[in-house]
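Those protein sequences? They're chains X and D, same order as listed.
Residue numbering for the first sequence follows the working numbering, beginning at 64 and increasing consecutively.
Residue numbering for the second sequence follows the working numbering, beginning at 260 and increasing consecutively.
For every residue, glycine included, the Cβ atom is placed at its ideal position computed from N, Cα and C.
All values derive from a computational prediction rather than experimental measurement.
The structure appears right after this line, and notes come after that.
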Amino acid sequence: MMGVNFLADLTIKGKAGLLLILAILISLPFWSSSYIISVATITLYLAILGQSWNLMLGFAGLLSLGHALFVGISAYLAAYVFSVLGLPPVISVFPAVLLAILMGMLIGYLGFRFSIGGVYFALLTIAFAELVRISVDHMGFIGGTEGLFLPVSEGDRKGVDLINLRGHPFMFYYLAMVLAFLTLAGCRTLLKSKLGYYWQAIRDDQDAAQALGINVFRYKMYAVIYSSGIAGVAGVFYAFYQNSLFPESVFGIERSIEVTLGPIVGGVGSLFGPVLGAFILTPLGEGLTELIDFLKNSGIIDPKLKLNGLKLLIWGLVVSLIVLFKPRGIWPWLSDKLGFCRTEGD
Amino acid sequence: MAAFLEIENVSKSFRGLKAVSNVSLNVEEGGMVALIGPNGAGKTTLFNLIAGVFPADEGRITLAGNDILGLRPDQICDAGISRTFQLVKPFPDMTVLENVTVGALHGAQNIQEARKAARNNVELLDLANKIHLPAHSLTLPDRKRLEVARALATRPKLLLLDEVMAGLRPTETDEMVAVFKSLNQETGITILLIEHVMRAVMSLSHHVAVLHHGKKISEGTPGHITQDPEVLDCYLGEEEDV
Ligand SMILES: Nc1ncnc2c1ncn2[C@@H]1O[C@H](COP(=O)(O)OP(=O)(O)O)[C@@H](O)[C@H]1O
Ligand SMILES: [Mg+2]
């Protein structure tokens with residue numbers, strides 16, 4: 064597979080670094096706690112979503128602020144057919160991803176056909192996500208505001224059933240790792256293909272791209288299709304990992320914003336940036352939550368103090384600092400500093 | 260027989276201002292025709308009409324006998340016309356090679372083939388030592404060269420050049436003129452160019468059309484144009500003062 068060739072972008076140092084990180088990730092379940100595994104799983108999950116979002120903005124210049132929509136409808140579809148018909152996710156992933164893609168195509172069609180660009184396109188994605196969130200609120204058959212729950216038995220959390228995605232947390236962790244790796248490799252393949260060249264051209268100057276024979280409408284649609292498709296796969300994972308879906312916590316605007324933060328911190332447009340960003344922000348947020356719980360339990364701060372917004376506040380602070388001081392994100396700067404990436408032509 | 264590119268009575272207004280007014284122009288296959296005239300004469304607007312940027316108010320444009328008015332810019336490119344932008348439009352975050360590769364992907368079978376073709380065009384336009392630099396780091400003359408390399412990479416039958424020699428030194432102008440001449444001889448490419456640098460116009464074109472206030476006021480051989488009193492009055496004459 065060509066995508067695995069991202070090794071070719073890395074220097075010896077970069078390869079060593081990657082190997083070290085892989086070794087840590089693969090061995091993590093053997094020496095860390097179940098809490099750390101759960102944080103790592105969510106981190107990998109957000110890395111996948113960050114990659115999906117970055118494909119649209121970083122590659123093709125299309126700002127989506129409604130990515131939770133693609134994740135959510137896919138998650139809901141897979142969860143619903145599993146709980147009602149017992150259809151396993153290995154099968155339902157296909158209609159679920161298709162639904163996410165169709166949603167993306169609908170938004171893309173409206174946006175690009177009527178030349179709704181930039182911020183207005185972003186508003187369109189928000190509008191659709193909100194529309195679906197409110198609709199799901201009123202859909203009794205999938206739980207409405209009460210939520211949709213997947214049946215879990217005690218035994219489920221012990222085995223490894225990849226067909227039905229029932230099993231030990233370690234199974235989900237390794238699955239997230241494989242999906243994150245495939246997404247990274249897939250995005251690299253796309254970026255180095257004709258599609259990638261055309262996306263970047265459209266991102267950098269749409270008029271010049273069109274003058275060079277690029278059907279701008281069609282290639283923007285491809286970007287939305289791939290991006291929503293990846294988000295759809297992540298959605299199925301999410302449904303079976305969480306086992307409970309609520310309209311607010313699945314489709315809410317915070318979910319869509321959350322997806323954007325990793326790539327912004329790591330580096331929009333780069334391949335490793337979204338991964339790095341997820342690995343910085345998620346543990347930071349979780350660590351903070353832990354710290355607050357610890358401080359509350361040990362009586363250092365008042366246990367009744369409400370600090371719910373603190374995680375978002377810290378994330379906001381990190382993002383602001385990045386935007387101010389390293390607007391291209393941490394990865395381009397870091398890989399430069401550490402000499403991890405080969406520059407072309409060396 | 261009809262000419263390769265035929266522009267017939269084309270007009271275009273912007274909010275009442277007639278930017279192009281009833282202009283007709285023929286370009287023979289393999290020809291090199293220059294379009295000159297003072298700033299604001301409507302030259303770029305005429306290019307935009309050929310390239311499908313906006314529709315004409317009236318008139319007809321055909322390429323090899325086929326109507327091309329009303330096609331989108333990418334369809335115009337498919338039809339075999341490539342253009343440069345007077346206000347250069349590089350892809351700033353892509354390297355010089357990547358910029359040109361985007362053009363070369365038009366019609367290429369795969370990335371390898373496109374990159375190889377792009378490399379040739381980069382060398383042709385004297386950008387070889389900047390091949391891996393991001394386009395945003397180029398100087399204006401280099402950006403003009405990049406415009407040309409990228410447009411050429413699509414392998415057009417008709418090339419529209421909009422003031423690509425502005426800002427070049429005389430020796431650099433001569434180099435670029437030589438590139439177009441040899442391309443024209445070797446590949447038979449047809450060129451329509453807008454140019455203020457008369458030195459380039461004189462040595463490249465065998466036919467010159469003059470626009471003024473949106474109207475074509477004169478047309479003929481370079482020698483004829485430079486003798487035309489009306490042209491001297493509105494354009495070439497004033498050039499001396501600049
Ligand atoms: N897109 C546009 N919208 C409005 N006015 C335009 C547009 N393009 C050109 N014009 C106007 O049309 C006239 C001709 O411009 P242009 O074709 O650029 O001239 P030239 O290339 O000969 O210098 C100018 O008055 C210019 O302001
Ligand atoms: Mg002009």
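| Item | Value |
| --- | --- |
| Three-state class that DSSP yields for PRO393/D in the structure shown | strand |
| Secondary structure, alpha helix (DSSP H): runs of 4+ residues fully inside the region 354-419 of chain D | 355-363, 370-383, 399-412 |
| Nonlocal neighbours in the same chain, by C-beta distance under 7 Å from GLY402/X, ignoring five residues either side | THR74, LYS76 |
| Segment limits, beta strand (DSSP E) that includes SER280/D | 276-286 |
| Backbone CA spacing between ALA262/D and LEU322/D [nearest angstrom] | 8 Å |
| C-beta contact flag for LEU392/D and ILE340/D at 9 Å | no |
| ASP270/X beta carbon near ligand 2 (any heavy atom closer than 8 Å) | no |
| Exposure of SER396/D, with buried meaning 16 or more beta-carbon neighbours within 10 Å | exposed |
| The region 279-298 of chain X in contact with the region 160-178 of chain X per 3-pair CB rule at 8 Å | yes |
| GLN273/X beta carbon near ligand 1 (any heavy atom closer than 8 Å) | no |
| Neighbouring residues, chain X, relative to ARG319/D (Cβ below 7 Å) | Ordered by position in chain X, no residue passes the 7 Å Cβ test against ARG319/D, which lies about 22 Å from the chain. |
| Interface residues of chain D facing SER256/X [CB-CB closer than 7 Å] | ILE370 |
| The region 296-313 of chain D / the region 461-478 of chain D touching (three or more Cβ pairs under 8 Å) | yes |
| ILE200/X beta carbon near ligand 2 (any heavy atom closer than 8 Å) | Before going further, note that residue 200/X is Asp rather than Ile in the sequence given. It does not: the Cβ of ASP200/X is nowhere closer than 8 Å to a heavy atom of ligand 2. |
| Within-9 Å CB hit, PHE350/D to chain X | yes |
| Chain-ordered chain X contacts of ALA310/D [CB-CB under 7 Å] | ALA274 |
| C-alpha distance - GLY324/D paired with PRO332/D, whole-angstrom precision | 18 Å |
| Residue environment, TRP94/X, which counts as buried when at least 16 other CB atoms sit within 10 Å | exposed |
| Meets three-Cβ-pair contact criterion under 8 Å: the region 156-163 of chain X and the region 291-304 of chain X | yes |
| For ligand 1, residues whose Cβ lies under 5 Å from any non-hydrogen atom | PHE273/D, ALA278/D, ASN298/D, GLY299/D, ALA300/D, GLY301/D, LYS302/D, THR303/D, THR304/D |
| Closer than 9 Å to chain D by CB, MET64/X | Reliability fails at MET64/X, whose pLDDT of 40 lies under 50, so the model's placement of it is uncertain and the value that follows must be treated cautiously. So, not an interface residue. |
| Inter-stretch contact at 8 Å, needing at least 3 Cβ pairs: the region 111-129 of chain X / the region 178-196 of chain X | yes |
| Inter-residue spacing [alpha-carbon to alpha-carbon] between ILE87/X and GLU349/X | 19 Å |
| Cβ-Cβ distance between HIS231/X and VAL223/X below 9 Å | yes |
| Own chain, CB closer than 8 Å to ILE355/X, minus 5 neighbours either side, in chain order | ILE364, LEU370, LEU373 |
| Interface partners of ILE277/X on chain D, CB under 7 Å | ASP333 |
| Top-ranked residue by Cα proximity to HIS455/D, from ARG319/D, ALA425/D, LYS440/D | ALA425/D |
| Listed by chain order, chain D residues near TYR261/X by CB distance under 9 Å | VAL361, LEU364 |
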